[in-house]
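Down below is the structure, laid out as structure tokens.
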Amino acid sequence: MADFEQTRNELSKGRNDRDNARLDLNSAAYQLRRLQQERDALERQKGDNNPTYLKRRAELEKQLAAANNNYSRQQERFKGISGQLVELENAFEFFTDPRRELSAHFSNQTPFLLFPLRLETRFKTVDNVAQLWVRVYPDECLVDGFEPLLSEKEVNNAARFWAEYYSAGTSADPDNPDPAVVNLQKAAWALLVGAAGDGRAAWITRQLKPDETNSVFPLRTEDAVILAIATDNWNAAAQAPIFDLFTKLWYAYGNEALSVQIKDQFNTANPTLNADTVFNTYRPVNFDDKLPVNIRKREDADVKIAVAVFPDLADKAGKAHGWSQASRVNLLPERLALIRYKNNTAMEPVFGRTIPATLATSPDPSEDAEKQFEQNEAFDMEFAEEIRWVADFDKAVSIGMGFRINLAPDEVNGFQRLIVLGVRLGSDAVTGKQQLETLFDHHYFSKKGFTLLPQGTPTNNTGSSNSGYTGTEDPDKTFDLYFKGKAGFTETQDTNLKRDGQWMAEWLGLDYATFKKVLYSDRKDQADARNMNIALWPGTMGYVLDALMQGGFTGETQLNTRTFFNSYVSGRGAVPAIRIGNQPYGILPVAPFQRLEWLNPQTPVPGIAVINQSFPAFLRGLYQLLLQLHGRWRDDMLNQVPFVAKASSQPYQDLLDIIGLHPNSVEFHRRYLESLIEMKNKVSIINPAFQFNSDVVSDAVNLLQSLKYPTEILPQIAALLGLPWEIPILQLIDDQPLSEEKVSVNIPQTIKTTLRRWWPRRVNL
């Protein structure tokens, strides 16, 4: 029998080899088409007596022969690797049942990231048999449309960008760059971002950089005008006369007669060069730009020349257009399982067929358009074989992206819940981590974009504000991260100082480098939430435990509770939100607490600093307490909240109640509390024999006793009764709309006066 680990490793290697072979094949196909187009253009200038034509045709024929051989070789390589991969996938199919393989080959310490899927369901009757049809689509976050090869347009845009960047010049002190230089560099970056998008612009500048040893990057002075040349064929030997030519022509701009005279003088002084050829070959990208605002006349400018020298730009382009290959999903499980719930019980899962290692989700632009969409005899549109599953349900079922289930009579009316799950068994912990990092990097370097989301970012357009999605981020914000490669954060062990990018990397178990380049990774939303816990503890839960419930908790229990609250509870969630394309995503950490072995006293707590020996016992007690509170919340409170699909005799009223729900408090009222002791003392003045009815506090005492609270001494919180009237609070200290950015508070003057009287030297109002 085949070995699981060996087969999985071979499968992983086969998938990587196939992806590399596809990339090489696409590049070879592009180079072949480019040479064929150049030959066709040359043939239109055919001349048997033209030595230039004959020489270039001979060169092209030789290059075409080599390109043809390379393309054929890459075709055979891709075909061979694909065939081997099919055999490996067939061999691994035996190991695709997670019920058998999951516990045998994966550690409980390995986290699993569940991606969302979209389901479509239909109840059908086929040949008098009731069926449930379920179609599964991968979410957009799984679709990988990244293309590593640069297009011809991207190469041209990159060359133009670097020329504009070089035209900004350099600063005398690199550690303290001139603001004027930085602004010009950011302007060049903004042009590239506008053409390609933030992430794609970052990828382009990483793939195509000038050769610094042969390039010229002059120092910017106050009156400098720096003309920038971008070329892959720089004549370094003639640099001085070429610089002199462009300098004189720039000063003579608009004076045609003087320009002709300058060119004639250049030709006379440099018989091996031609001024018009030099000008057309090396024309600066900003030669026709207007004068800077600080220079009124051309003769006042200090003209300098910058040259960005590249390797062969034609070889850098790997495709003709930006979209050259089908988008694909590479991280789906080998098989999906459909789980149906009936009477709150999960039924036996139904497993689909094996899913291809890569699933195409769009047409392939490298293929003929007629092969992508064809009309059959019934005048229906048929898709190409690779994407037929998108529209053809039978095809979807055959590749594991659909389910067709015969229903029993008691199942015809439906199910309480449908869940589709799958585990990617073909990736171990290390490979899975690398694949997730690659997916995030591909989103980052594509036009989709990948960023963290600041806390409070609107997800939708409303009447009062726009959504947080803008298509492209502010180029000024991305300049340092995306182009300069500045790290968004530095790792620290101090949880009060950790940046959101570090929290993200640690929660997902990914390399810090994956998020150091991501926008908003430098924010402190998570740390601020934890610091707010520290600030509020003494006046909130700390006050309740220490004063209102005095005597019920030991000092050690209060310390453990405070430590747990400050370290592991967050009002902003544990993991920052992310954006992929125009879609925000939240990440929710979950765990089956009832099966966590480290809660047992014999097992140490991995990853949690034990404050003292009582902390594990505290965690076990806290968990049991939270289970009881959760039961009361679920049974006594949750059902009082209206929600969609709730069984009700007043559905329209429920709908109005749902629409009227608010995420925050709308009104505030004050009600005073009076202790039973004070109340008894007041009444005893009138009637010394008065005894209060113990039933007044029986509900509170019974609740505390059910939660294992020692009630020998009645806590103050149980002996406080609310007075029968309440007072609306009309003057709030913070009466401004909720905001994550605005920190100013509109404090009324009367309250300001009171606060100043209390803290005259400490409060800045």
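Per the working numbering, the very first residue in the sequence shown carries number 251; after that it's consecutive. Even glycine gets a Cβ: it sits at the ideal position worked out from N, Cα and C. Quick caveat, the model's predicted, so the values are computed rather than measured.
Look up W975 in the DSSP assignment and say whether it is helix, strand or coil.
Reading the sequence shown from its first residue, position 725 is the one you call residue 975. Coil, per DSSP.
Quick check on the DSSP output: what are the complete alpha helix (DSSP H) runs of length 4 or more inside the stretch 883–938, in order along the chain?
901–909 and 926–936
Could you give the residue range of the beta strand (DSSP E) that holds Q625?
Residue numbering aside, residue 625 sits at position 375 when the sequence shown is read from its first letter. Element bounds for Q625: F623 to Q625.
What residues are listed by DSSP as bridge partners for S401?
Translated into the one-based positions of the sequence shown, residue 401 becomes position 151. S401 is bridged to K569.
In the DSSP output, what is L668 paired with across the bridge?
Here residue 668 refers to the residue found at position 418 of the sequence shown. Looking at the DSSP assignment, L668 forms a beta bridge with R590.
How about the stretch 361–380 and the stretch 325–338: do they share at least three Cβ pairs that are nearer than 8 Å?
no
Quick one: which unbroken beta strand (DSSP E) runs of 3-plus residues sit fully inside the stretch 534–565? Chain order, please.
552–559
Span separating the alpha-carbon of N593 from that of D660
Numbered from 1 along the sequence shown, position 343 holds the residue referred to as residue 593. Numbered from 1 along the sequence shown, position 410 holds the residue referred to as residue 660. Looking at the two C-alpha atoms, the distance is approximately 11 Å.
If you follow the beta strand (DSSP E) that V384 is in, where does it begin and where does it stop?
The residue labelled residue 384 in the question sits at position 134 within the sequence shown. That run of the beta strand (DSSP E) goes V379 to P388.
Which of helix, strand or coil does DSSP assign to K767?
Sequence index remark: in the sequence shown, residue 767 carries index 517 (1-based). K767: coil per DSSP, three-state reduction.
In the DSSP assignment, find the unbroken alpha helix (DSSP H) run with A634 in it and report its ends.
Residue 634 sits at position 384 when you count from the first residue of the sequence shown. Here A634 belongs to no alpha helix (DSSP H), and DSSP marks it neither H nor E.
Going by Cα to Cα distance, which pick from K569, A519 and L477 is closest to L1096?
Outside the shown range of the chain (251 to 1015) lies residue 1096, about which nothing can therefore be said.
Would you call L954 buried or exposed, if buried means 16 or more other Cβ atoms sit within 10 Å of its Cβ?
Locating residue 954 in the sequence shown gives position 704, counting from the first residue. That one is buried.
Shortest alpha-carbon distance to K374 belongs to which of L304, G664 and D614?
Counted from its first residue, the sequence shown places residue 374 at position 124. K374 has its Cα closest to that of G664, out of L304, G664 and D614.
Does DSSP put N318 in a helix, in a strand, or in coil?
Here residue 318 refers to the residue found at position 68 of the sequence shown. It is helical.
Does F365 come out as helix, strand or coil in the three-state DSSP assignment?
As a first step, residue 365 must be located in the sequence shown, where it is residue number 115. In this structure, F365 counts as coil in the three-state DSSP scheme.
Nearest to L879 (by Cα), restricted to the options I935, L367, K958 and H912
Within the sequence shown, residue 879 is the residue found at index 629, counting from 1. Answer by Cα proximity: K958.
DSSP state of I454 mapped onto helix, strand, coil:
By 1-based counting over the sequence shown, the position of residue 454 is 204. Helix, per DSSP.
Given this structure, state the Cα-to-Cα distance separating L876 from R773, to the nearest angstrom.
For the purposes of this step, residue 876 is identified with residue 626 of the sequence shown, where counting begins at 1. For the purposes of this step, residue 773 is identified with residue 523 of the sequence shown, where counting begins at 1. About 32 Å.
Excluding the 5 residues flanking P1050 on each side, which residues of the same chain have their C-beta closer than 7 Å to its C-beta?
With the chain covering 251 to 1015 only, the question about residue 1050 has no answer from this structure.
Cβ contact (3+ pairs, closer than 8 Å) linking the stretch 424–439 and the stretch 632–652
no
Should L261 go down as buried or exposed, given a rule of 16 or more other Cβ atoms within 10 Å for buried?
Residue mapping note: residue 261 aligns to position 11 of the sequence shown, counting from 1. By the 10 Å Cβ count, L261 comes out buried.
Nearest neighbour of T688, chosen from T371, F396 and A354 [CA to CA]:
Here the question's residue 688 lines up with position 438 in the sequence shown. Here the closest residue by C-alpha is F396.
What does the Cβ neighbour count give for H912, buried or exposed, with the cut at 16 atoms within 10 Å?
The count along the sequence shown starts at 1 and reaches residue 912 at position 662. Burial call: exposed.
According to DSSP, P615 sits in a beta bridge with which residue or residues?
Here the question's residue 615 lines up with position 365 in the sequence shown. In the DSSP output, where bridge partners are listed per residue, P615 has none listed.
Could you tell me the alpha carbon to alpha carbon distance between I492 and Y732, rounded to whole angstroms?
The residue you call residue 492 lines up with position 242 of the sequence shown. The residue you call residue 732 lines up with position 482 of the sequence shown. Spanning the two alpha carbons is a distance of roughly 34 Å.
Hey, L367 and V386: beta-carbon distance below 8 Å or not?
Residue 367 sits at position 117 when you count from the first residue of the sequence shown. Residue 386 sits at position 136 when you count from the first residue of the sequence shown. Contact flag set, yes.
Express the C-alpha separation of Y694 and V204 in angstroms, rounding to a whole number.
It is not possible to answer for residue 204, since the shown part of the chain is limited to 251 through 1015.
Applying the criterion that 16 or more other CB atoms from any shown protein chain within 10 Å of the CB defines a buried residue, is A1019 buried or exposed?
What is shown of the chain runs 251 to 1015, which leaves residue 1019 out entirely.
Neighbourhood of S577 by C-beta distance below 7 Å, restricted to the same chain and skipping five residues each side:
Reading the sequence shown from its first residue, position 327 is the one you call residue 577. For S577, where only same-chain residues beyond five positions count, the Cβ hits under 7 Å are V393, D394, G395, T611 and S612.
Counting only the same chain and skipping the five closest in sequence on each side, list residues whose C-beta sits under 6 Å from that of F411.
Taking the sequence shown and counting its residues from 1, one reaches residue 411 at position 161. So the list reads A438 and L442, once near-sequence residues are dropped.
Tell whether a beta-carbon distance below 8 Å holds between V951 and T961.
Here residue 951 refers to the residue found at position 701 when the sequence shown is read from its first residue. Here residue 961 refers to the residue found at position 711 when the sequence shown is read from its first residue. Yes.
Same chain only: Cβ atoms within 8 Å of V662, ignoring 5 sequence neighbours per side
Sequence index remark: in the sequence shown, residue 662 carries index 412 (1-based). Here the set comprises F373 and A380.
Should the stretch 773–787 be regarded as contacting the stretch 745–755, the criterion being three or more beta carbon pairs within less than 8 Å?
yes
Three or more C-beta pairs under 8 Å: does that hold for the stretch 582–592 against the stretch 663–680?
yes
Output the distance between the C-alpha atoms of R822 and D775, rounded to the nearest integer angstrom.
The count along the sequence shown starts at 1 and reaches residue 822 at position 572. The count along the sequence shown starts at 1 and reaches residue 775 at position 525. About 8 Å.
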